[in-house]
Amino acid sequence: MKLQPVPGSPEHAQWSRLVRMKRFATGLLLLLGAVFIAAYLSEPAYPWLGYVRAFTEAAMIGGLADWFAVTALFRHPLGLPVPHTAIIPRQKDAIGESLARFVRDNFLVREALEPRLASLDFAGRAGVWLRQPANAHKITGSASAFAAWFLQTVDNAALRGFLRENLRLTLQQVRITPLLSGILELLTRGRHHEELIDSFVRAARVQLDEHKHLIRERIETQTPWWMPDFVDEKMYDKIVAELERLLDNIGADSGHAARRQFDEGIAQFIEAMKSDPKLIERGQAFKREVLEHPSMQHYLAELWNEISGFVVRGAGDPESPMRRRIEAGVVDFGKALERNAEMRQQINRWLSDATLYVVRNYSQEISDVISDTVKSWDARATSHRVELQVGRDLQFIRINGTLVGGLVGLLLYTSVNVFL
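In our numbering, the protein residues as written are 3 to 422.
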């Protein structure tokens, strides 16, 4: 069965050019054969035709030899199983392995890649490309289409259950108390917790102002019936004044004893969350209870539905605010890359390091793709692919062999007749 490409395909154009060159080379050989016969038969009457016969005879020999050599690369000449023919089909796997080694040893090496990577300003080119609104629109559209497809795929109940269960198992492995202690340490190191104290003091002051009457009522109900009202009033004034003074002092004095006690308590709590087994276990138990509570499960499911629905709707509408904001962000990022040479250099350095890391650690796996792919090809199909690529040029070997052979034969025939 002939492996003829589909009409209209690039391979079909290559195949057509190859067939034309084969016909030309074969036609030249047949023409020389006809001239040889005519010269051979007419030579007794016209001795000078001996030169023509010598040329055509040697040309046919050279042409046939080169036809055999070229054909033997791809198949058995005339279908005869001559040894060391059909080289490409027989040696396909070895050729694939040799090609893979060649690529690995000459291309997937630091010495070959590093100069090339150093000359590529990928970040700069990306910045120029991304700042174009049309390109930003294109990349946003592709990303939106992928996001919509992904979320709609994940919306499958079985897949969503699988992802949810894996997320739950992952979160179960997280120790919550060290995480919280790290957050608290970050807050206290930057004195951000002082804002919490200030907010608490302000809130307490507001509550005191709004609920002074409750203090008065409490004093009136708790003191004896015979206590004069002016005593209750003085007691009320004293308590309220002391509370107001305490809150005002705490709010105004960053070194107040209450603040120091709060700092010490926070520090002790942070240390306990790191090292106290009982507190750590209580944190884990609380986390499990929260994760497994039906209300939390329902809330997360509803939150997922709302977020995914919003993203899918926004992704499907080119004029949606979400897509317009993303497009504007892409354009701004491209402009920032153009302006910031330091950022470009850093990104280029990251990409170069990442590429060299992959090559250094996975060059064998990358080259294996070549050898494994060639091994998976059908032998005849492989031979056909190679012949499509180089077969047309190989026909010139046949033509040149025919002409050079003829000239050598003519030279020998002339030398014999002239000098001997």
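Ideal placement from N, C-alpha and C gives every residue a C-beta, glycine not left out. These figures come from a predicted structure and were not determined experimentally.
Start-to-end residues for the alpha helix (DSSP H) that takes in residue i
{"i": "residue 404", "result": "381–421"}
{"i": "residue 215", "result": "214–224"}
{"i": "residue 279", "result": "279–294"}
{"i": "residue 44", "result": "12–44"}
{"i": "residue 339", "result": "323–341"}
{"i": "residue 128", "result": "124–132"}
{"i": "residue 2", "result": "No information on residue 2 is available, as it lies outside the stretch 3 to 422 that the chain covers here."}
{"i": "residue 242", "result": "231–254"}
{"i": "residue 83", "result": "Segment: none, residue 83 is in no alpha helix (DSSP H) and carries neither H nor E."}
{"i": "residue 117", "result": "112–121"}
Three-state secondary structure assigned by DSSP to residue i
{"i": "residue 432", "result": "Here the chain has residues from 3 to 422 only, and residue 432 is not among them."}
{"i": "residue 266", "result": "helix"}
{"i": "residue 3", "result": "Only weak support exists for where residue 3 lies, its pLDDT of 44 falling under 50; the value from the coordinates is given anyway. Of the three classes helix, strand and coil, the one that applies to residue 3 here is coil, per DSSP."}
{"i": "residue 184", "result": "helix"}
{"i": "residue 177", "result": "coil"}
{"i": "residue 107", "result": "helix"}
{"i": "residue 151", "result": "helix"}
{"i": "residue 370", "result": "helix"}
{"i": "residue 78", "result": "coil"}
{"i": "residue 228", "result": "coil"}
{"i": "residue 9", "result": "coil"}
{"i": "residue 319", "result": "coil"}
{"i": "residue 258", "result": "coil"}
Under 8 Å between C-beta atoms of residue i and residue j
{"i": "residue 339", "j": "residue 129", "result": "yes"}
{"i": "residue 407", "j": "residue 61", "result": "yes"}
{"i": "residue 412", "j": "residue 56", "result": "yes"}
{"i": "residue 199", "j": "residue 247", "result": "no"}
{"i": "residue 191", "j": "residue 249", "result": "no"}
{"i": "residue 370", "j": "residue 102", "result": "yes"}
{"i": "residue 222", "j": "residue 234", "result": "yes"}
{"i": "residue 90", "j": "residue 373", "result": "no"}
{"i": "residue 45", "j": "residue 51", "result": "yes"}
{"i": "residue 404", "j": "residue 53", "result": "no"}
{"i": "residue 176", "j": "residue 214", "result": "no"}
{"i": "residue 179", "j": "residue 298", "result": "no"}
Among the options, the one whose alpha carbon lies nearest that of residue i
{"i": "residue 410", "options": "34, 383, 12, 63", "result": "63"}
{"i": "residue 315", "options": "383, 395, 213, 149", "result": "149"}
{"i": "residue 399", "options": "269, 68, 282", "result": "68"}
{"i": "residue 137", "options": "74, 32, 336", "result": "336"}
{"i": "residue 307", "options": "153, 272, 269, 202", "result": "153"}
{"i": "residue 268", "options": "351, 204, 184", "result": "184"}
{"i": "residue 209", "options": "245, 364, 232, 182", "result": "245"}
{"i": "residue 311", "options": "172, 151, 330", "result": "151"}
Cβ-Cβ separation, residue j to residue i (assumed contact under 8 Å), whole Å
{"i": "residue 217", "j": "residue 238", "result": "6 Å"}
{"i": "residue 107", "j": "residue 377", "result": "Residue 107 to residue 377, Cβ: 19 Å. No contact."}
{"i": "residue 1", "j": "residue 147", "result": "No answer is possible for residue 1: the residues shown for the chain start at 3 and end at 422."}
{"i": "residue 361", "j": "residue 122", "result": "Residue 361 to residue 122, Cβ: 15 Å. No contact."}
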